[in-house]
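Under the working numbering, the first residue of the sequence shown is numbered 13, with each subsequent residue one higher. We put the CB at the ideal spot given by N, CA and C, even for glycine. None of the values given here were measured: they were computed from a predicted structure.
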Amino acid sequence: MSVLSQPQFHCEEAAFDWLEKTLWPQGPVCPHCGGMGRIGKIKANKEARVRMGLHKCGDCKKQFTVKVGTVFEHARMPLHKMLQAVHLMCSSKKGISAHQLHRVLEVQYKTAWFLAHRIREAMREGALAPFGGVDGMPGAGGIVEADETFIGREPGKPKKRAFHHKMKVVSLVDRDSGKVRSVVVDDLKPETIRPIIEENIIKEATLHTDESAIYTKIGATFADHQVTTHSAKEYVRGIVHTNTVEGYFSVFKRGMKGIYQHCGKQHLHRYLAEFDFRHNNRVKLGVSDVARMERTVNGIVGKRLTYRQSSNAA
Ligand SMILES: [Zn+2]
Numbered sequence: 013m014s015v016l017s018q019p020q021f022h023c024e025e026a027a028f029d030w031l032e033k034t035l036w037p038q039g040p041v042c043p044h045c046g047g048m049g050r051i052g053k054i055k056a057n058k059e060a061r062v063r064m065g066l067h068k069c070g071d072c073k074k075q076f077t078v079k080v081g082t083v084f085e086h087a088r089m090p091l092h093k094m095l096q097a098v099h100l101m102c103s104s105k106k107g108i109s110a111h112q113l114h115r116v117l118e119v120q121y122k123t124a125w126f127l128a129h130r131i132r133e134a135m136r137e138g139a140l141a142p143f144g145g146v147d148g149m150p151g152a153g154g155i156v157e158a159d160e161t162f163i164g165r166e167p168g169k170p171k172k173r174a175f176h177h178k179m180k181v182v183s184l185v186d187r188d189s190g191k192v193r194s195v196v197v198d199d200l201k202p203e204t205i206r207p208i209i210e211e212n213i214i215k216e217a218t219l220h221t222d223e224s225a226i227y228t229k230i231g232a233t234f235a236d237h238q239v240t241t242h243s244a245k246e247y248v249r250g251i252v253h254t255n256t257v258e259g260y261f262s263v264f265k266r267g268m269k270g271i272y273q274h275c276g277k278q279h280l281h282r283y284l285a286e287f288d289f290r291h292n293n294r295v296k297l298g299v300s301d302v303a304r305m306e307r308t309v310n311g312i313v314g315k316r317l318t319y320r321q322s323s324n325a326a
């Protein structure tokens, strides 16, 4: 039986049950007052216009569904279709375009486009532990590969092949954990790249790059910096190479070329978040399709909390 034949992808009631179980493992939580104790479920009723999944909080007397405060809240389509979209974006290696979602889910293209970006936002990983440890041990230096690539075209720039007209991405790969982290940058000056490397890699690590001058100064601040000289056709020297990060770029570029043809620079970081997320939660690292989907949905909650905390602080 394929995952997609499960009821939460076809039946609205099952979709609400699934999302409630995933987001409220200890029972419903009121998004208005945080109450948990006295929450009642109101039975859906079309004639009385009672929405699916409606709950009422005995503490603050307000009503809510599990969608409140999540990326699903304001989208105008049934929840079971949105869960299908999450599943499709999580399980296909190259991702799925808004056009495909529009056809498969039978919703308007614009609706599909907005939903896809909402799901990408849920996939965006927040502040994570820096790369370069071994088995999560601080102080033990692992290997981190760093490399940059070009994609598409900067907005407003002529259609030339020259690389400075293209959008630029720097990616880091932690060899020990097999995870990747990608950042969109405006240029490839050492002062632009330096803070990204510093914030994301521990000093005890060994940095592997090509001979690009971008990495020379910052490389010297790590336990070790090993370089392969691509201009002299040297790509591998023992364990020294940047093949892992280059392999990641090729998956990303194939996906972007085949599926996401007109990606604006303002959206590139979300597409990268999507590809990073799938790479970091891949089957090879022990993450099943089902677990990956649950992690995405949990990312939705994480975003909600971040939003609340920052709005409280303001
Ligand atoms: Zn309440």
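query	result
Name the residue from 265, 136, 116, 155 whose alpha carbon lies nearest to the alpha carbon of residue 235.	155
Between which two residues does the beta strand (DSSP E) harbouring residue 162 extend?	155–163
Kindly indicate which three-state DSSP category residue 52 falls into: helix, strand or coil?	strand
Only counting runs of 3 or more residues, tell me where the beta strand (DSSP E) segments fall wholly within the segment 203–256, in order along the chain.	218–222, 236–240
Under 8 angstroms by Cβ, that's how I've got residue 267 and residue 107 pegged, so tell me the actual separation to the nearest angstrom.	5 angstroms
Can you tell me which of 110, 66, 185 puts its alpha carbon nearest to the alpha carbon of residue 121?	110
What is the residue span of the alpha helix (DSSP H) that residue 100 lies within?	91–103
Examine the Cβ distances between the segment 84–100 and the segment 244–262 and report whether three or more of them are shorter than 8 angstroms.	no
Ordered along the chain, which non-local residues of its own chain (more than five positions away) have a Cβ less than 8 angstroms from that of residue 162?	175, 178, 179, 180, 181
Output needed for residue 196: all residues of its chain with C-beta closer than 8 angstroms, excluding positions within five of it in sequence on either side, in chain order.	179, 180, 181, 277, 280, 281, 284
Relative to the alpha-carbon of residue 243, which residue among 221, 211, 145 has its alpha-carbon at the smallest distance?	221
What residue from 211, 230, 262, 203 has the CA that sits closest to residue 142's CA?	211
Below 7 angstroms CB to CB, which residues in the same chain sit around residue 144 once its five sequence neighbours on both sides are set aside?	153, 154, 156, 186, 213, 214, 216, 217
Report the residue from 298, 308, 78 whose alpha carbon sits nearest the alpha carbon of residue 286.	308
Skipping 5 residues on each side, what residues in its chain have a beta carbon closer than 7 angstroms to that of residue 293?	299, 304, 307
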